[in-house]
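Using full-length UniProt numbering, you'd call the opening residue of the sequence shown number 1 and step up by one each time. I have placed the structure first, in the form of structure tokens, so that the comments after it can refer back to it.
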Amino acid sequence: MAAEVVKDGEFKGWSTWREEPFEFETAGPFYFRVDDQGPVAAFRAERKHMNMGGVVHGGCLMAFADFSLFAIAHEHLEGEYGVTVAFTSEFLSGPAEGAYIEARGEVLRSGRNLTFVRGLITGDGKACLNFSGTIMRRPIRPDQ
């Protein structure tokens, strides 16, 4: 799946998957890149991401964690399409509106069909959610 490089704004130079309408338009937009510390995914917490308690909604953090699985494993997937087949997470804290939300992690193992990833999401540097998941490679069907 081809990533698109962002041309302007806070995340200029980062990449995103515009073909993923839920992650780009609805839950996000979310972004990723590789820096000197490795793969990183990020977004800026906006009003639309908040719950009634004034912190980022847990569902938003989980959607971002799912996006981050693929951002962290991007180089291992070698441009192939994949789906999440397992996902776990634990909430640690809730970031406020305006927070810079970041996910970093590692690929634990990558085989022919399955890739295992774990990571940590922070909000302005404070741990918010830890997560792990399994990605299964699969071909994109022409009717998708």
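We treat Cβ as the ideally placed atom computed from N, Cα and C, and that holds for glycine.
Assigned secondary structure, Ala127 (DSSP; H/G/I helix, E/B strand, else coil) = Taking the first residue of the sequence shown as 1, we reach residue 127 at position 127. Strand.
In whole angstroms, what separates the C-alpha of Phe43 from that of Pro29?
-> For this step, residue 43 is matched to residue 43 along the sequence shown. For this step, residue 29 is matched to residue 29 along the sequence shown. Taking the straight line from one Cα to the other gives about 7 Å.
In DSSP terms, what Thr88 is bridged to | What you label residue 88 is simply residue 88 of the sequence shown in a count that begins at 1. DSSP, once it has assigned bridges, lists Ser132 as partnering Thr88.
Is Asp35 helix, strand or coil when you go by DSSP?
-> In the sequence shown, residue 35 corresponds to position 35, counting from 1. Three-state DSSP puts Asp35 in a strand.
Counting along the chain, where does the beta strand (DSSP E) carrying Glu102 start and finish?
-> Sequence index remark: in the sequence shown, residue 102 carries index 102 (1-based). From DSSP, the beta strand (DSSP E) with Glu102 extends over 100-110.
Would Ser93 be called buried (16 or more neighbouring beta carbons within 10 Å of its own) or exposed?
-> Walking along the sequence shown from the start, residue 93 turns up at place 93. It counts as exposed.
Supposed close pair Gln37, Arg104 - CB separation, criterion 8 Å | Numbered from 1 along the sequence shown, position 37 holds the residue referred to as residue 37. Numbered from 1 along the sequence shown, position 104 holds the residue referred to as residue 104. For Gln37 against Arg104, the beta-carbon gap comes to about 7 Å, under 8 Å, which counts as contact.
Cβ of Gly38 within 8 Å of any chain C Cβ | This model lacks chain C altogether; it includes just one protein chain.
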